[in-house]
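Asks: The sequence shown begins at 0 in numbering that gives the first Met the number 0 and counts up by one. Don't be surprised by glycine CBs; every beta carbon is placed ideally from N, CA and C. Note that the coordinates shown come from a computational prediction; the quantities given were computed from them, not determined experimentally. First the structure, which I've put down as C-alpha cells, then a few questions once you've had a look.
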Amino acid sequence: MSLKYFVHVSSITNLSDARYCSGMMVNSLGFDLDENSNNKLSTENINEICAWVNGVDFVGEFNNSSSNYINDILNKINFEYISININKSIKNIDFDNKRILISIPDPKLITSKINDHLMSFFPDSRTIIIDNMNKKSISKLDILDNNYDIIINPLDNINTTKSFLDKFNLGLLLKGSQEIKPGYKDYDSISDYLEAIDESF
0 MSLKYFVHVS SITNLSDARY CSGMMVNSLG FDLDENSNNK LSTENINEIC
50 AWVNGVDFVG EFNNSSSNYI NDILNKINFE YISININKSI KNIDFDNKRI
100 LISIPDPKLI TSKINDHLMS FFPDSRTIII DNMNKKSISK LDILDNNYDI
150 IINPLDNINT TKSFLDKFNL GLLLKGSQEI KPGYKDYDSI SDYLEAIDES
200 F
C-alpha cells in the first residue's frame, strides 16, 4: 500500500481512526490540544492511542494555546511535531523549532506580507498546513515562497482535489471524527480520499 501524496489526518479523537489511518499508511496523525477547544483530548487518551499505533508521526495541534500550557503538555507526551497558529509566537515554546508546523486556519491570512512574517517568527519551519482552502483562494499559494511544504484540505471533490495537489505539489489534510460508539466507526469521508490516492489499487 502506498499513498500518492503526503497525508496528515488532523483532530484524531479515537483509536479506531488512528489504527485505520496508520493501516492506510498516512504520514502523520494530529491531536487537538488547543486549550480553548471543547474537543481537546486528555494526555492520558493520547498516550493510550499512540501506544497502539505504529508507523506514523504524531502531531500535537495547539493552535493559539499559551506557551506555558504547551510546555506542560510537551512534558507529558512525546510528539514528533507540533502545529502552531501562524499568529502565535513560538519564542517561549520548549520544542525543536524545525519540527514546528505552521497552521493557517484561513487563506485570508495569506497576504503579501506573509513571507516576511514567516521568516521573522518561524525561521526554521518548512511545513505549512492551510485549512478552509477553496478553488478561488488556492491562487494565494503563489504568494508563498517555494521553500515550504504545503498541506491543504480537500476541495470540491476527489478529482478536483487530486488535480490541484498534482499541480502545486501539495499534501492532503484530512480530519478525524467522533466514534458512533466505542469500536464502531464510519470511515466514509476519510476512506474515500485514501482509497482514491492509494497507488496500489
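1. Cβ of residue 105 versus every heavy atom of the ligand FMN: is any distance shorter than 6 Å?
2. My output table needs one value for residue 159: the three-state DSSP class, helix, strand or coil.
3. Sort 26, 17, 65 and 59 by Cα distance to residue 50 and report the nearest one.
4. Taking buried to mean at least 16 other C-beta atoms within 10 Å of its own C-beta, is residue 194 buried or exposed?
5. Could you give the distance in angstroms between the alpha-carbon of residue 159 and the alpha-carbon of residue 3?
6. Whole angstroms is fine: what's the gap from residue 24's alpha carbon to residue 14's?
7. Just grab the DSSP bridge partners of residue 48 for me.
8. Less than 7 Å separating the beta-carbons of residue 42 and residue 76?
9. Out of 57, 108 and 136, point me to the one whose CA is closest to residue 155's CA.
10. Hey, would you say residue 109 sits closer than 7 Å to residue 142, going by beta carbons?
11. Which one of 35, 71 and 99 has the shortest CA to CA distance from residue 56?
12. If I measure Cβ to Cβ from residue 191 and keep anything under 8 Å in the same chain, skipping five residues before and after, which residues do I get?
13. With DSSP run on the structure shown, which of helix, strand or coil describes residue 68?
14. Counting along the chain, where does the beta strand (DSSP E) carrying residue 102 start and finish?
15. Mind checking which residues open and close the alpha helix (DSSP H) that includes residue 130?
16. Using the three-state DSSP reduction, which class does residue 143 fall into: helix, strand or coil?
17. For residue 164 and residue 170, what's the separation of their Cα atoms in angstroms?
18. Let me know the secondary structure DSSP gives residue 21 once reduced to three states.
Replies: Here's the rundown:
1. With respect to the ligand FMN, the structure offers nothing, as it holds no ligand at all.
2. helix
3. 17
4. exposed
5. 15 Å
6. 15 Å
7. Residue 48 is not bridged to any residue.
8. yes
9. 136
10. yes
11. 99
12. 157
13. helix
14. 99-103
15. Here residue 130 belongs to no alpha helix (DSSP H), and DSSP marks it neither H nor E.
16. coil
17. 7 Å
18. helix
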